[in-house]
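Here the sequence shown stands for residues 175 to 574, where the numbers follow this note's numbering.
Cβ atoms here follow ideal geometry from the backbone N, Cα and C, with glycine treated the same way.
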Amino acid sequence: VPSAAIEERVLARMRAALPIADARLVLGRPTLIAFGPPIEVQVFSEDAAAAGAMARALVPDLLEIDALPEVVVDDLDGRPEVRVDFDRERLGRVGLSVSVAAAAVQRALTGEVATQLHLPDEQLDVRVRLPLRDRGSVDDVGAIVVGVVNGVPIRLGAVADIAPGRGPAEIRRIDGRRGLRIRARTDGVNLGGVASEIAAVLDAHADPTGTVTTEISGQAGQMQGSLDSIAFTAALSLFLVYVVMAATFEHLLHPLLILVSVPLAVAGVAVGCGIAGLPLSAMVGIGVIVLGGIVVNNAIVLVSAINDRRGAGMPLFEAVLEAGRVRLRPILMTTLTTVLGLVPMALGLGDGAALRQPLAVSIMGGLTSSTLLTLLVIPCLYLLLPGRVQAAWGPAPKPK
């Protein structure tokens with residue numbers, strides 16, 4: 175049984191066996207390469223209460239998505255705190271300022287470094303503050319002495335209003351905006367499908383007033399940007415391939431004819447990923463880019479052989495047949511060696527298989543389909559090039 179399947183079983187049993195009230199269970203495992211969370215929903219609002227309410231409303235619906243077994247939200251409950259609101263009028267009556275009273279409260283609660291203890295290999299701060307039994311409740315905080323006036327100690331409760339409360343555990347800024355995160359782990363690699371379901375949930379909870387906004391981030395959010403970058407890279411690579419072939423053949427139509435092998439390879443990529451049960455991903459896109467420089471080799475060999483025979487005076491149709499017969503074996507041999515060399519990677523064994531397997535499967539499927547179709551499609555298209563009627567009835571012109 176693959177190790178990944180065993181890990182998923184263990185995680186599922188732990189989730190079922192540890193239902194603890196008022197506790198948050200986060201399970202995971204170390205990975206070969208560290209990435210951000212697969213799914214991250216960012217909730218933006220300058221109103222912390224509104225953002226928290228939106229997050230609480232989203233979590234139950236996100237948990238209903240089958241591919242999201244765990245959904246973890248930033249701390250919404252905050253931390254208990256004691257709020258002290260100084261009364262300036264009362265402070266003025268006893269001759270104290272807010273800064274003096276606040277400094278006294280800080281010394282009592284967090285302490286003040288009075289001196290240092292020197293040891294042979296280090297120095298230790300000696301911090302003086304109230305013992306825990308004298309600062310463990312709201313009443314204890316109110317009894318802190320913030321000053322002495324005419325020999326009379328002034329307690330904090332006499333010059334300030336003290337009340338318990340809860341404050342945010344942290345104030346998070348995401349791209350300059352105040353927000354919080356909802357992170358989730360997926361039970362698969364189909365981030366595109368999961369992102370679509372999450373987008374539907376976010377649309378259902380959209381705030382009509384615009385006070386709270388939500389976005390999908392993490393790997394799912396970065397996927398669209400990665401696909402756009404891959405598309406640009408693929409277009410640039412095909413352009414460079416065309417430029418090189420146009421300069422080599424000194425012809426504009428033959429390079430275009432050779433580039434027809436690329437869409438033939440894309441069809442094989444789709445079929446290969448479908449057979450292997452792999453979704454279209456960034457790694458598949460990288461495989462398509464690699465194919466753009468590989469699959470044209472077979473067409474180059476075939477078209478070059480046809481041109482050589484036409485230059486030797488052979489009629490067009492006979493040149494196409496002869497080139498296909500002579501180049502069939504080398505084309506099949508090179509394709510077969512490349513495909514067989516990728517088989518171990520395509521099996522998806524060992525750590526990091528989620529990265530290697532889509533790349534190998536896409537190259538294998540694209541190269542196989544492109545080779546088989548190139549041997550049939552490219553010769554037929556070559557016969558349909560402009561001037562085919564004249565060339566078919568007479569020899570091609572001799573090369574210079």
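Neighbour-count burial assignment, residue i, 16 or more Cβ in a 10 Å radius
| i | result |
| --- | --- |
| Leu293 | exposed |
| Phe413 | exposed |
| Ile207 | Since pLDDT at Ile207 reaches only 42, below the 50 mark, its modelled position is unreliable, and the value read off the structure follows with that caveat. Its Cβ having fewer than 16 others within 10 Å, Ile207 is exposed. |
| Thr205 | Confidence at Thr205 is low in this model, with a pLDDT of 46, below 50, so its placement is unreliable and the value that follows should be read with caution. Thr205 is exposed by the Cβ-count criterion. |
| Met507 | exposed |
| Ser391 | buried |
| Arg187 | exposed |
| Ala191 | exposed |
| Thr545 | buried |
| Pro176 | Low confidence applies to Pro176: its pLDDT is 48, below 50, so where it sits in the model is not reliable, and the reading given next is rough at best. Pro176 should be labelled exposed. |
| Pro305 | exposed |
| Asp349 | exposed |
| Phe406 | exposed |
| Thr422 | exposed |
| Val417 | exposed |
| Pro429 | buried |
| Gly353 | buried |
| Ile552 | buried |
| Ile460 | buried |
| Ile537 | buried |
| Arg262 | exposed |
| Arg562 | Low per-residue confidence applies at Arg562: pLDDT is 47, beneath 50, and the placement is therefore not dependable, though the value from the model is reported in the following sentence. By the 10 Å Cβ count, Arg562 comes out exposed. |
| Ala566 | Legend: pLDDT at Ala566 = 44, less than 50; position of this residue unreliable, value from coordinates given subsequently. Answer is exposed; the Cβ neighbour count stays below 16. |
Residue span of the alpha helix (DSSP H) that contains residue i, given as start and end
| i | result |
| --- | --- |
| Ser544 | 527 to 557 |
| Ile460 | 456 to 468 |
| Leu291 | It is not in any alpha helix (DSSP H) - Leu291 instead sits in the beta strand (DSSP E) that spans 286 to 292. |
| Met507 | 490 to 515 |
| Ile449 | 435 to 450 |
| Ser273 | 272 to 283 |
| Gly316 | 312 to 316 |
Cβ pair residue i, residue j closer than 8 angstroms
| i | j | result |
| --- | --- | --- |
| Pro578 | Ala222 | Lying outside 175 to 574, the shown extent of the chain, residue 578 is not represented and no answer is given. |
| Leu265 | Val333 | yes |
| Pro532 | Leu401 | no |
| Ala479 | Val500 | yes |
| Val126 | Ser435 | Within the shown structure, residues of the chain are numbered from 175 to 574, placing residue 126 beyond reach of any answer. |
| Arg359 | Glu244 | yes |
| Leu438 | Leu559 | no |
| Val215 | Val386 | no |
| Pro254 | Arg340 | yes |
| Leu465 | Leu541 | yes |
| Arg301 | Val287 | yes |
| Ala276 | Gly321 | no |
| Ala448 | Leu476 | The amino acid occupying residue 448 in the given sequence is Gly; Ala does not appear at that position. Cβ distance not < 8 angstroms, so Gly448 and Leu476 don't count as in contact. |
| Ser543 | Gly442 | yes |
| Gly539 | Val445 | yes |
| Val256 | Pro327 | no |
| Arg484 | Glu496 | no |
| Leu123 | Leu549 | Any property of residue 123 remains undetermined from this structure, which presents the chain solely from 175 to 574. |
| Ala527 | Leu516 | no |
| Gly487 | Ser411 | no |
Residues that DSSP places opposite residue i in a beta bridge
| i | result |
| --- | --- |
| Asp248 | For Asp248, which the question treats as bridged, DSSP gives no partner whatsoever. |
| Phe218 | Gly353, Thr387 |
| Ile328 | Gly321 |
| Phe260 | Ala334 |
| Gly226 | Looking at the DSSP assignment, Gly226 forms no beta bridge with any residue, so it has no partner. |
| Ile213 | Ala358 |
| Gly339 | Glu255 |
Nearest-angstrom beta carbon gap, residue j and residue i [assumed within contact, 8 angstroms]
| i | j | result |
| --- | --- | --- |
| Val268 | Val323 | 5 angstroms |
| Ala493 | Ile432 | With 8 angstroms as the limit, Ala493 and Ile432 do not qualify as a contact, their Cβ atoms being about 16 angstroms apart. |
| Ala282 | Leu250 | At roughly 31 angstroms, the Cβ-Cβ gap does not stay under 8 angstroms, so Ala282 and Leu250 are not in contact. |
| Ile318 | Arg329 | 7 angstroms |
| Ile239 | Glu371 | 5 angstroms |
| Ala456 | Ile404 | 6 angstroms |
| Leu236 | Val375 | 6 angstroms |
| Val440 | Leu242 | About 31 angstroms separates the two Cβ atoms, so there is no contact after all. |
| Val279 | Val312 | Wrong, their Cβ atoms sit about 13 angstroms apart, outside the cutoff. |
| Arg357 | Val246 | 5 angstroms |
Bounding residues of the beta strand (DSSP E) (the contiguous stretch that carries residue i)
| i | result |
| --- | --- |
| Asp299 | 297 to 302 |
| Leu354 | 351 to 359 |
| Glu344 | It is not in any beta strand (DSSP E) - Glu344 carries neither H nor E in the DSSP assignment. |
Distance cut-off 7 angstroms: residue i Cβ against heavy atoms of the ligand HEM
| i | result |
| --- | --- |
| Ala241 | In terms of ligand content, the structure shown is empty, and the ligand HEM therefore cannot be addressed. |
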